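For the sequence shown, my numbering assigns the number 85 to the initial residue and increments by one for each residue that follows.
For glycine and all other residues, C-beta sits at the position ideal for the given N, C-alpha and C.
Just so you know, these numbers come straight off a predicted model, no measurement behind them.
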Amino acid sequence: MLALRSAAFAGRAAELKPDPRLHLIGLYTEDTTNWSGGTIETDSAKPFSAAPAPIEGNNRPQRIGSAILVLVVLSVIGGVLWLIL
Numbered sequence: 085m086l087a088l089r090s091a092a093f094a095g096r097a098a099e100l101k102p103d104p105r106l107h108l109i110g111l112y113t114e115d116t117t118n119w120s121g122g123t124i125e126t127d128s129a130k131p132f133s134a135a136p137a138p139i140e141g142n143n144r145p146q147r148i149g150s151a152i153l154v155l156v157v158l159s160v161i162g163g164v165l166w167l168i169l
């Protein structure tokens with residue numbers, strides 16, 4: 085099997101000499117992107133034009149949840165060690 089994309093040659097002509105045991109089964113083409121649209125001039129297309137997301141200063145619920153998770157994990161590890169030893 086030989087699958088060869090035409091972009092592999094960067095627009096230059098190339099002559100291929102594959103093994104004569106290879107048989108052509110088919111040609112498969114793909115549509116390329118049409119880049120002729122130009123640039124978009126609206127304000128919303130400019131980088132960093134969106135309003136910045138508000139920064140929330142209260143992360144106390146995250147810390148409480150993390151502390152509870154750590155206690156549960158330590159309890160499970162302690163219980164497993166107690167059963168083993």
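Along the chain, where does the alpha helix (DSSP H) that runs through tryptophan 166 open and close? 144-168
Just verifying my parser: in three-state terms, what is the DSSP assignment at phenylalanine 93? Residue state, collapsed to three classes: helix.
Return yes when the Cβ of leucine 86 is within less than 8 Å of the Cβ of leucine 106, no when it is not. yes
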